[in-house]
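As structure tokens, the structure follows; a few thoughts come after it.
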Amino acid sequence: MTRAEIHETLTGVFRDVFDNPSLNISDTTTAKDIEEWDSIVHVTLIVAVEKKFGVSFTTRDVRRLENVGDFIQLISSRLN
Amino acid sequence: MLNSEVLADKRSMTRLSLRLAAFLLPLLLTWAVVEWWTARIPTTYSTKRERLNAMSDRIDTLILGSSSAYFGIAPKELSGTAYNLADVSQTLYYDDQLLTRVLPRLPRLRRVIIPINYISIFFELNDSFEPWRQYFYEQAWSIPPMRFQDRIDIRLWSRVALFTPATVVGMRPSLRSLARGALILPNAPVVMDDRGWFNKVPADNNPARLNEAAAANRLAQHHAKEMNAAYEQPNLAYLNHMLSLLDKRHIQCVLITLPVWKTYRQGMRADLWSRTQNHIQDLEKTWGVRYLSFLDVPQLEEADFLDVDHLDPRGAIRFTKILNQALQDLDAR
Amino acid sequence: MSFFSPPFAVFLTLGLLAYYQAPASWRPRILLGLSLVFYVSWGLTGALLLSAVAVLVFVAAILIEKCQPEQAKLRLTALAVTLLSVLLAALKFGSAIMGLFRAGSIAALVAPLGLSYYIFRTIGYILDVYWEKIPAQRNFVSLALYVSFFPQIVSGPIQRADDFWRQLDGLRHRGSGEFVEGLRRILFGLFKKIVIADQLADLVAAVHANPSKFSSPELLLGAYCYSFQLYMDFSGLTDIAIGIGLLFGIRGPENFDRPFLAANIQDFWRRWHMSLTTWLTDYLFLPLRMSLRSLGTAGLLAAIFINMVAIGMWHGPAWTYLEFGALNGVYMMVSVLTLKKRDAFFKRHPGLIPARRVAGTLVTFHLVVLAQVFFRADSSRLALAYVRGLFTGFIHQGTGFWRLHNYWSQLGLSSFRLALILIVVVATDAVSRRHLERRMLGVPTAFRWGLYYAVIALVLFYYKTSMTFIYAQF
């Protein structure tokens, strides 16, 4: 998958988890930018991404994420 | 760091220090003014000292001791001119220090009465409920606290710290009464007579104040908090020092034990009291002092007692008459 | 020496003089020296333990980073974290557990100062190195200072290692702005603790000592007062800790963000004792949740509940702390399970949203007040008696407030003083929030200084010494 494709699929996951069909994310989006994004939702998001992309993350992976850009990077590296 | 950075840093620190100083200045000035103002307010300690000085050339009998003597001995009932220098929780250390200081000023002194009660030999002020009184002694008489660690305290010289700021704010005296030099603290009416005797004790007729429970409470307080064997030797040293001073000047010394109510007497621990008795006997032998025990005075009744170990004003007058008779009998012999 | 003692004031003044007179490159070392002196004043054995932990953590982190094979890395980390956790648990809960089994000499185990804080700091640091979030610290002075930094060691806040070292690096360029802010924080912290928290203590102690003697309204008032006392006490202490750090140019993390305005219980725990809750989120909840994520909702609820119980137990070995944590766990689980439904409901009825805000805040506040009754209670029995009294006390004890009246009047609250205190309360809460702080600086100097003088006067007035008024009758 290309970066753009990952971004698009990821946006879908976000919209699903946050129940907001018009949500948009960029590389610099962080948890602070979305009101309902707390530590509980965070793992729900992780699980949803794992299911959608068919990958698996470690706690280390998750702890190192600073923003959505990192996330896309991580997904990309797992897929290849 | 670049030199220019260092310079800018130093300049900002200097500016900061100046601003801090400017901020603190009004505070320090206010503090100084309040200190000056509160220093002019008389306390029991300063008043006792002033009245003693005023009569120093006439005093022939000096009374030391703690609250039982402060409340219980009415100087005007003694023949001659007596002065009551006792105070609440005044320990043997302070009796000694006071005596040392005032002796040179009392040319006519011929008798000193030193009360020894149940706790005297085992009691120290810094280990009591009212250790802050140490600082009043320091401020009024320049008597330093006994322990070194108590001597590093702002209350040695600061009245505001000693009274506490909350109290100072509550004082609000009028300048006119300041000028008159009256005791102006709103809840501190003149409680001493001009011979140092505390004679305005509040009336309390409740018979429960003298019952077994009350005595047990008071004694429990003594045993748990105020009596400590570690103070036995130092207190004896103070006693011996006082007696040696008096011996040198050929001033008669009389040790007494003030009256207590029977419930208190019954609750006193015999082993502790006999230790004190033994020490008194030793002192009698060594210095030839006389000991008068008024622990049990049958003529005194319930109405004479404020609580289990203090007399009220009526009791003090009656007791002092008895004491006076006993002293005259002593002299006659 | 406690923060509130005269020797500490002397220590701080001398320390600051040395700090600012010395060359800037010496500052970390001076801070470490000061922290050591401060800690030793609380006991030599504790200081030795602290030093041992610092050395252990320093070495362990470097080894973990150097270690390449994943299995070995994991084992090393697990070993270090387990060791630190066992140390914390043993010293904190040891005497209580031994008391339960009546074994051995109970007196021996006393937790040294700040144990919970520095163990948490070091565990967080080691995990961050293992997760490759930050590189291992090669400078022993920097690490030792992180572990022992004296303004934060007594009662937090729990600062993260990378944040701390970033501040340390920037020390040379720090100006005087932080210094004054530090003084302000300390002043308002003292105000919160001495003028407000300590004054409420007697009233709260009275109701908690004998809850069955009081009516429901009295118990409710007592509960409100306690929550307020706790908030003022702890946020005041935090302000003093952060303020002292700022005097030296180091900014600690905030612990409170207007917690009683929280809209729901999750929000509350994002605003109360933040440095602890974020620590638990990052180092307990997240790893736990990740390992339980295959269990779906059950896993989520388990992780939440365990996390909340941990918050409770962190405070000490008491059943009431456990109950406090468990109660909050229940709150959180219920809230999390129903959040989606509640959100959906209000999306359908947007007119009710303002009502939701108000009701949500009130409900959350009362849930918190209830949980804090357990936090304060001296025993489970008393806690339950208190709660029972809250709901049935009006039957047995009437509805009067008069029994608490003498505590209220003891506070000596003339309307002038009350107004002054309220003004300062508003101002102090403003101080903790950076954007309002900037607004406050815009106020003319005369007014600002007047406010500071008023605060100083109030602190001095309410500072309780052990002395009673000299003319009090024996």
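Protein chains in written order, with this note's numbering: chain A, 649 to 728; chain B, -6 to 326; chain C, 156 to 629.
Beta carbons are placed, not taken as given, at the ideal position from N, Cα and C, and that holds for glycine.
message = List, in chain order, every chain A residue whose beta-carbon is nearer than 7 Å to that of P442/C.
response = T707
message = Considering only the alpha carbon of each residue, which of S160/C, R425/C, S371/C lies closest to S196/C?
response = S160/C
task = Find the residues of chain A that neighbour E287/C, judging by a C-beta separation of less than 9 Å, and give them in chain order.
result = R708, R711, R712
Span separating the alpha-carbon of R42/B from that of D186/B = 13 Å
key: Segment limits, beta strand (DSSP E) that includes Y284/B   = Residues 283 to 286.
query = What residues in the region 175 to 196 of chain C bring their beta carbon closer than 9 Å to a beta carbon of chain B?
reply = Y175, P178, A179, S180
key: 8 Å Cβ cutoff, M445/C in contact with chain A   = yes
query = Whole-angstrom Cβ separation of L248/B and I273/B, contact assumed at under 8 Å?
reply = 6 Å
query = Could one say the Cβ of A159/B lies closer than 8 Å to chain C's Cβ atoms, at least one of them?
reply = yes
task = List the endpoints of the continuous alpha helix (DSSP H) containing Q127/B.
result = Segment 126 to 134, the alpha helix (DSSP H) holding Q127/B.
inquiry  = Just to confirm the assignment, what range does the alpha helix (DSSP H) spanning Y386/C have?
reply    = 371 to 402
ask   = What three-state label does DSSP hand L78/B in the structure shown?
value = coil
ask   = With a CB to CB cut of under 8 Å and the five nearest residues on each side skipped, what residues in its chain are close to G260/B?
value = E205, A208, A209, L212
message = Taking the alpha-carbon of A463/C as reference, which of L435/C, P472/C, A612/C has the nearest alpha-carbon?
response = For the record, residue 463/C in the displayed sequence is Met; it is not Ala. For M463/C, the nearest C-alpha among the options comes from L435/C.
ask   = Three-state secondary structure (DSSP) at V194/B?
value = coil
message = For P108/B, report the span of its alpha helix (DSSP H) as first-last.
response = Per DSSP, P108/B belongs to no alpha helix (DSSP H); it is in the beta strand (DSSP E), 104 to 108.
key: Extent of the continuous beta strand (DSSP E) to which D300/B belongs   = 298 to 300
query = Would DSSP call V162/B helix, strand or coil?
reply = helix
message = Comparing C-alpha positions only, which one of R258/B, I112/B, L22/B sits nearest to K218/B?
response = K218/B has its Cα closest to that of I112/B, out of R258/B, I112/B, L22/B.
query = Going by beta carbon distance, what residues of the same chain come within less than 6 Å of W474/C, once the five residues before and after it are set aside?
reply = S535
request  = Could you check which residue in L722/A, E653/A, S724/A, W685/A has the C-alpha nearest to that of D422/C?
outcome  = W685/A
task = For the region 666 to 698 of chain A, enumerate the residues whose C-beta is nearer than 7 Å to any C-beta of chain C, in chain order.
result = D686, S687, I688, V691, V695
ask   = I720/A lies in the alpha helix (DSSP H); which residues open and close that run?
value = 716 to 727
inquiry  = So, with DSSP's three-state summary, where would you put Q630/C?
reply    = Given that chain C is displayed from residue 156 to residue 629, the structure contains no residue 630/C and the question cannot be resolved.
query = The alpha helix (DSSP H) with L169/C in it runs from where to where?
reply = 161 to 176
ask   = When Cβ atoms are compared, which residues of the region 406 to 433 of chain C fall closer than 8 Å to chain A?
value = Q421, R425
task = Anything in chain A within Cβ reach of R321/C, meaning under 8 Å, just list it in chain order.
result = Result: empty, since nearest Cβ-Cβ is about 15 Å, beyond 8 Å.
Which residues DSSP lists as bridging V247/B, in chain order = DSSP lists I106/B, R283/B as partners of V247/B.
query = Is it true that the CB of F479/C sits closer than 8 Å to the CB of F117/C?
reply = Because chain C spans 156 through 629 in this model, residue 117/C falls outside it and cannot be assessed.
ask   = Near F411/C, what residues of its chain come up, given a Cβ to Cβ distance below 8 Å and the 5 sequence neighbours on each side ignored?
value = Same-chain partners within the cutoff: Y386, F389, S390, T393, R426, W427, H428, M429, S587.
query = Which one of N728/A, N668/A, R711/A, K700/A has the shortest CA to CA distance from L658/A?
reply = Taking the Cα of L658/A as reference, the smallest distance to any Cα among N728/A, N668/A, R711/A, K700/A is reached at K700/A.
request  = Find the residues of chain A that neighbour T436/C, judging by a C-beta separation of less than 7 Å, and give them in chain order.
outcome  = By Cβ distance, chain A contributes S687.
ask   = Would DSSP call I261/C helix, strand or coil?
value = Low per-residue confidence applies at I261/C: pLDDT is 49, beneath 50, and the placement is therefore not dependable enough to give any value.
request  = Could you give the DSSP three-state label for L316/B: helix, strand or coil?
outcome  = helix
DSSP state of R712/A mapped onto helix, strand, coil = coil
ask   = Rounded to a whole number of angstroms, what is the C-alpha to C-alpha distance between P267/C and A378/C?
value = 31 Å
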